[in-house]
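Quick notes on the structure that follows.
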Amino acid sequence: MSRPASRFPVTPAMLVLVALGFMGSVVSHSAIQGVDANGQLEGRALQSRFERIARELRCLQCQNETIADSNAELAVDLRRQVREMLLDGKSDDAIFEFMTDRYGEFVRFSPPLEAKTLFIWGAPFVMLVVGGVIIYRVVRHRSSMPLDDGPAAGT
Amino acid sequence: MWKFLLPFAAFVALAVLFAFGLNPSRDIHALPSPLIGRPAPAFSLTDVLDSSRPVSNDAFKGQVYVLNVWATWCVACREEHEALLSISQQHVVPIIGLDYKDQREPAKQWLEQLGNPYQVVAFDGDGRTAIDWGVYGAPETYLVDGQGRVIFKFISPMTQQIWDREFMPRIAAARRGGA
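Chains A and B, in that order, give the protein sequences.
Start counting the first sequence at 1; every next residue gets the next number (the working numbering).
Start counting the second sequence at 1; every next residue gets the next number (the working numbering).
Here it is in structure tokens:
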């Protein structure tokens, strides 16, 4: 399992382009190609997209780690896949679709908001409202009770 | 009235939830494959025994076949090897091997020493074909019908019992429906 080496050597011209990109976002992503010796995508925007996507995808071998965190073989392969697709100019949505087509919705850490996932997205808010109603009723009930400094309520 | 009914309803709801959620025969790590019912991803790789010989699942189009994902580093694959050998000798369907993230030499030795249950073994050294199939471990066994659709995925070592219980009825149904 070889490390991704620098298949695209950095030329001075590319460095200039990258620098320009930093200064004014003049350069589109497609102008920046390749992966450097540390396995970082050249171009900060592309690398940050890569990191965001990798943190969104689950390593199915380990199930509760993202592919960004995991060192499992599968995570390494999926990171390679994401990098290649980014370098191909694929959109984030296209990459997520590629992954869910193969591994199912479970591969995404936060499931997209749609009809069948409405329950998991809505459940926390429903619970908040239910809890609020319960507290409100308890408080109101207690405040309507007589103050317990009479002899009947004493202990 | 509500005071008793509400906690009781909550208890029943929890009991039902736990009956499903904590069922010991349910494998919580087994994931449903989104591939089921969809066309089997095509691959063109080379034979693990002969790197100059191309191998594609296109050659098996029109027939029911099994794709078994294995590797020499996979302990559970060794466990199921005996069962695969005997299943292959029953000549029900062709079994294609997919040698997943492996090396050719140890894979050759494995097949020579333990026997070869596969019609053909495709070599997927970098695991790209496996990604297309949604493989996340080994062994995994897929069943493809005559229309080239994946109809079943089994994640765990194969045994004769599992073959008889899970695969044979599906193969029979696929042949009735497909031919």
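No residue lacks a Cβ here, since even glycine has one placed at the ideal position from N, Cα and C.
Beta bridge counterpart(s) of B:PHE154 as assigned by DSSP: B:THR141
Ignore the nearest five residues each way along the sequence and tell me which others in B:THR46's own chain have a CB closer than 8 Å to its CB. SER52, ARG53, PRO54, VAL55, ALA122, PHE123
Quick one: what does DSSP say B:GLN54 is sitting in, helix, strand or coil? Sequence inspection shows Pro at residue 54 of chain B; the Gln mentioned does not correspond to that position. The answer is strand: DSSP assigns B:PRO54 an E or B state.
Could you tell me which chain D residues have their CB closer than 8 Å to the CB of A:ASP101, listed as they occur along the chain? Protein chains in the displayed structure are A and B, and chain D is not among them.
Are there 16 or more other CB atoms within 10 angstroms of the CB of A:GLN81, so buried, or fewer, so exposed? buried
What's the C-alpha gap between B:ARG165 and B:ARG78? 21 Å
Tell me which residue opens and which closes the beta strand (DSSP E) that A:TYR103 is part of. Per DSSP, A:TYR103 belongs to no beta strand (DSSP E); it is in the alpha helix (DSSP H), 92-103.
Listed in chain order, which residues of the stretch 54-80 of chain A have Cβ atoms closer than 8 Å to some Cβ of chain B? LEU60, GLN61, GLN63, GLU73, LEU74, ASP77, LEU78
Quick one: any contact between the stretch 61-68 of chain B and the stretch 132-150 of chain B, if contact means 3 or more CB pairs under 8 Å? yes
Give every residue of the same chain whose Cβ lies closer than 8 Å to the Cβ of A:GLU56, excluding the five residues on either side of it in the sequence, and list them in chain order. THR66, PHE96, ARG108, PHE109, SER110
Determine, using beta carbons only, whether B:LYS3 comes closer than 8 Å to chain A. no
List in chain order: all unbroken alpha helix (DSSP H) runs of 4+ residues lying wholly within the stretch 103-127 of chain B. 104-114
Residue range of the beta strand (DSSP E) that includes B:VAL69: 65-70
What would DSSP say about A:LEU41, mapped onto helix, strand or coil? strand
Buried versus exposed call for B:ALA40 [16 or more other C-beta atoms within 10 Å across all chains shown]: buried
Please confirm if A:PHE96 has its CB atom under 8 Å from at least one CB of chain B. no
Between A:PHE119 and chain B, is the shortest Cβ-Cβ distance under 8 Å, so that the two count as touching? no
Three-state class that DSSP yields for B:GLN24 in the structure shown: Note on residue identity: the sequence assigns Pro, not Gln, to residue 24 of chain B. Correct three-state label for B:PRO24: coil.
Pick from A:GLU105, A:THR117, A:LEU118 that is closest to B:LEU31, judged by C-alpha positions: A:GLU105
Per-residue contacts from B:ASP132 into chain A (C-beta, under 8 Å): ARG102
How far does the alpha helix (DSSP H) with B:SER33 in it extend, from its first residue to its last? Where B:SER33 is concerned, there is no enclosing alpha helix (DSSP H), given that its DSSP letter is neither H nor E.
In this structure, does DSSP put A:THR66 in helix, strand or coil? strand
Name the two residues that bound the continuous beta strand (DSSP E) containing B:ASP47. 44-47
In three-state DSSP terms, what is A:ASP88? coil
Boundaries of the alpha helix (DSSP H) in which A:TYR136 is found, first to last residue: 118-143
Between A:LEU78, A:GLY132, A:ASN71, which lies nearest to A:ILE53 when the distance is taken from Cα to Cα? A:LEU78
List, in chain order, every chain A residue whose beta-carbon is nearer than 8 Å to that of B:TYR136. LEU60, GLN61, LEU74, TYR103
Please work out which residues of its chain come closer than 7 Å, Cβ to Cβ, to A:TYR103, disregarding the five sequence neighbours upstream and downstream, and give them in chain order. LEU60
Within a Cβ cutoff of 6 Å, which residues of the same chain sit near B:VAL135, ignoring the five residues on either side of it in sequence? VAL69
Contact set for A:CYS62: own chain, Cβ-Cβ below 7 Å, skip 5 residues either direction: SER70, ALA72
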